[in-house]
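Below is one structure; the comments refer to it alone.
In this note's numbering, the protein residues as written are 27 to 440.
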């Protein structure tokens, strides 16, 4: 797990660069051809952009229960993001006559990549669009790859609930290129957020020279840290749930108990035979692992070195370990704090750093859509109080013009 994402795959990188360059040169036509090649969908027949009437039709294909669940999840995420935003506001008065306020300014336009493929992710629409909306972003654009049955209706309903500005039937590296550089149909954005497959991840890294990105979130992952008190069935269920995201998902367990590993493996064998999605078995075979540690200290060290997307702590007293965790996209405490719960709208985001990026990056939040701008106001009284220090430092740096701009103001105040 520690070695994942360590080096770029040169073959994939060259493919991604070729796709990006093609979109920059040929615009919509490149999107149409790439979508036909990779998704087997003809955009010339159904269109690149989702029209307003298609959102209305989408409601006819989903249940009222599903719509209500999305609406409630949206409200929880909105409330959490609003609290985060309000706590960012600051007013500081270091001395009388000086006031510094932190003003929050939204990014004007963002593109949100929503994965597609074998699964649909209306929950990811909420996770990307709601924080952007709370931040005050004026133009929120969604790109998602279509299946042969078109875009999932529940995903379109989620887009409508979030009042996104535009939705496009485009996925992969070509979608990232379109969001970054624009085409005849898609106007470029200032920032791109969201997770996808390795091609999407590489594309985001590649375009980050020209447009802002959140983080290079790649294939999904989970690390469970457990002692011998943990419930083997619950662990197996959570590992299998993470494996549902795709065959490249990384699912691991580190524990002080060899018996727990045996019990978890037995439970996984049962779950795999019952699983509705074959990705579960594929991911567990390719990227699943278990490890026995000498003690909890070794478990923590392994977890911090791995910096997993979510770290699930299943020990007798999980809260006592939180301060010792230095690197994780999300920390889940106790047997009932399943990653599946946070995936569907408790408030925190499920778009999290993967591939070890949790060592330096955080999960998506309202902060990603804001610029914090300091607004400074100094009165004559305030300037007098700090002028000597400012002039001393300016002259110490040899910037005499800086010192002069302060000194001459003081003369006017005498």
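Where is the CB? At the ideal position from N, CA and C, for every residue including glycine.
- If you draw a 10 Å sphere on the C-beta of residue 315, you find fewer than 16 other C-beta atoms in it, and that means exposed.
- The residue from 267, 240, 290 with its alpha-carbon nearest to that of residue 255 is 290.
- A distance of 8 Å or more separates the beta carbons of residue 46 and residue 273.
- Comparing C-alpha distances from residue 90 to each of 294, 268, 184 shows the shortest one belongs to 184.
- A distance below 6 Å between beta-carbons, with the five flanking residues on each side excluded, links residue 186 to the following residues of its chain, in chain order: 81.
- Note that the C-beta distance between residue 76 and residue 182 is below 8 Å.
- Closest in alpha carbon position to residue 216, among 304, 167, 103, is 167.
- Residue 335 is positioned such that its CB atom lies no closer than 8 Å to that of residue 310.
- In chain order, 273, 274 place their CB closer than 8 Å to the CB of residue 312, counting only its own chain and leaving out the 5 sequence neighbours on each side.
- Ranked by Cα distance from residue 209, the first of 292, 198, 414, 50 is 50.
- Around the CB of residue 68, fewer than 16 other CB atoms lie within 10 Å, so the residue is classed as exposed.
- Between the alpha carbons of residue 249 and residue 317 lies a distance of about 11 Å.
- The Cβ-Cβ distance between residue 177 and residue 165 does not fall below 8 Å.
- Residue pairing by DSSP places residue 314 opposite 277 in a beta bridge.
- When secondary structure is reduced to three states using DSSP, residue 243 falls in the coil class, being assigned neither helix nor strand.
- When 189, 219, 134, 282 are compared, the shortest CA-CA separation from residue 203 is found for 219.
- Residue burial annotation: residue 71 is exposed, with fewer than 16 other C-beta atoms found within 10 angstroms of its C-beta.
- For residue 388, the secondary structure class from DSSP, reduced to helix, strand or coil, is coil.
- Of 258, 270, 297, 303, the smallest CA-CA separation from residue 284 is found for 258.
- Sequence-distant partners of residue 400 (beyond 5 residues in either direction) whose C-beta falls short of 8 Å from its own C-beta, in its chain, are 126, 127, 128, 129.
- In the three-state scheme derived from DSSP, where H, G and I count as helix and E and B as strand, residue 165 is classed as strand.
- For residue 393, there is no enclosing alpha helix (DSSP H), as DSSP marks it with neither H nor E.
- Note: residue 327 is not bridge-paired with any residue in the DSSP secondary-structure output.
- Per DSSP, residue 286 lies in no beta strand (DSSP E); the unbroken alpha helix (DSSP H) holding it starts and ends at 284 to 300.
- In the structure shown, the three-state DSSP call for residue 138 is strand.
- The alpha-carbon separation between residue 62 and residue 169 amounts to approximately 16 Å.
- Straight across, the Cα-Cα distance linking residue 65 with residue 339 is about 39 Å.
- For residue 436, DSSP assigns no beta-bridge partner whatsoever.
- By the Cβ rule, the segment 156 to 165 counts as touching the segment 98 to 116, because three or more pairs are nearer than 8 Å.
- Check the Cα spacing between residue 96 and each of 261, 57, 189, 124: the tightest is with 189.
- Residues of the same chain with a CB within less than 6 Å of the CB of residue 387, apart from the 5 flanking positions on each side, are 241, 379 in chain order.
- Going by beta carbons, residue 243 and residue 281 fall outside the 8 Å limit.
- Rounded to whole angstroms, residue 365 and residue 123 show a C-alpha spacing of 50 Å.
- DSSP places residue 398 in the strand class (E or B) of the three-state scheme.
- The count of Cβ pairs closer than 8 Å, one atom from the segment 299 to 310 and one from the segment 263 to 273, reaches three, so the stretches are in contact.
- Here residue 330 has 352, 353 as same chain residues with Cβ atoms under 6 Å from its own Cβ, once five neighbours each way along the sequence are excluded.
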